[in-house]
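Worksheet: one structure, shown below.
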Amino acid sequence: MRLYLATVNPKEIAWAEAAGLLDGIVATPAVLAAELPQADPREILKELADDSTRPVFASVGSLETDEIVRGGKDLRRLNEHVIVAIPFVEDALPAMRRLSADGVRVAATLVHSVAQGLLAAKAGASMVVVPVDALEAVGDRADLTIRALHDAFARAAVECDVVVAGPPNAARFAELATAGADAAVVHPDALRSFLQHPLTDRGIDRFLVDVSRRARPRRSK
14 MRLYLATVNP KEIAWAEAAG LLDGIVATPA VLAAELPQAD PREILKELAD
64 DSTRPVFASV GSLETDEIVR GGKDLRRLNE HVIVAIPFVE DALPAMRRLS
114 ADGVRVAATL VHSVAQGLLA AKAGASMVVV PVDALEAVGD RADLTIRALH
164 DAFARAAVEC DVVVAGPPNA ARFAELATAG ADAAVVHPDA LRSFLQHPLT
214 DRGIDRFLVD VSRRARPRRS K
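For the sequence shown, our numbering assigns the number 14 to the initial residue and increments by one for each residue that follows.
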């Protein structure tokens, strides 16, 4: 399961990369505004993409077809690793189609159902992004949606990744991975929390006790 980190913080990116936990970076307007509100988004995106061969997700910030196409092509010119994230709404479908036809990789966001996922893939999206928190806030189970999407793509031989956005905890992360999610968008704090388990501290305490016992020199008689 690939991990796309929702941050543009160099220290967080370096940490995840050093740990082998980084498969891509999500640098949407919300992430940029939260972490680097005064920075030039284009400069940040280019720097991120140039520093790595991993994908960088970026958004145009419009729902108008021609503006999405122009903005998507501009983002693609920054670096070939840029993936253009476009909300799945009717007005954006022609833009998805046109960008995909021009070789621009597109991720359809705000996909909440199997029907939406199939239509997004047909419009040219190479990824569909399912927001876990929004889906479960209305009583739907994200893991069932992910499993159904995965099965539908497999049966139709559709080459489109299923990406979950914002799994809230390690248990849900595991359930979504088991359901067939190809990747997850996670914040660094959430990713760190996935590394933890209630038994970890207890196990470390025992480990340190064992180490200290082995380290004690034997007294000579």
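Think of the CB as a built atom: it goes at the ideal place given N, C-alpha and C, for glycine as much as any other residue. Values in this document were obtained by computation on a predicted structure and should not be read as measured data.
task = Quick one: residues in its chain with C-beta nearer than 8 Å to the C-beta of residue 259, no 5 flanking neighbours on either side, listed in chain order?
result = A query on residue 259 cannot be resolved here, the shown segment of the chain reaching from 14 to 234 and no further.
request  = Please report how far the alpha carbon of residue 18 lies from the alpha carbon of residue 222, in whole angstroms.
outcome  = As a working note, residue 18 is residue 5 in the sequence shown. As a working note, residue 222 is residue 209 in the sequence shown. Spanning the two alpha carbons is a distance of roughly 36 Å.
key: Simplified DSSP assignment, three categories, for residue 41   = Numbered from 1 along the sequence shown, position 28 holds the residue referred to as residue 41. Coil.
message = Measuring straight from C-alpha to C-alpha, what distance separates residue 63 and residue 206?
response = In the sequence shown, counting from the first residue as 1, residue 63 sits at position 50. In the sequence shown, counting from the first residue as 1, residue 206 sits at position 193. Cα to Cα, residue 63 sits roughly 29 Å from residue 206.
request  = Taking the CB atoms as reference points, tell me whether residue 55 and residue 16 lie closer together than 8 Å.
outcome  = Position 42 of the sequence shown holds residue 55. Position 3 of the sequence shown holds residue 16. Not in contact: residue 55 and residue 16 (Cβ atoms no closer than 8 Å).
task = Name the two residues that bound the continuous alpha helix (DSSP H) containing residue 136.
result = Within the sequence shown, numbered from 1, the residue matching residue 136 stands at position 123. No alpha helix (DSSP H) holds residue 136; DSSP gives it neither H nor E.
inquiry  = DSSP three-state label for residue 75, please.
reply    = On the sequence shown, residue 75 is found 62 positions in, with the first residue counted as 1. In the structure shown, residue 75 sits in coil (DSSP, three-state: anything other than H, G, I, E or B).
task = Within 10 angstroms of the Cβ of residue 101, are there 16 or more other Cβ atoms? Answer buried if so, exposed if not.
result = Stepping through the sequence shown from its first residue, residue 101 is reached at position 88. That one is buried.
inquiry  = So, does the stretch 130-149 touch the stretch 103-112, judging by three or more C-beta pairs under 8 Å?
reply    = yes
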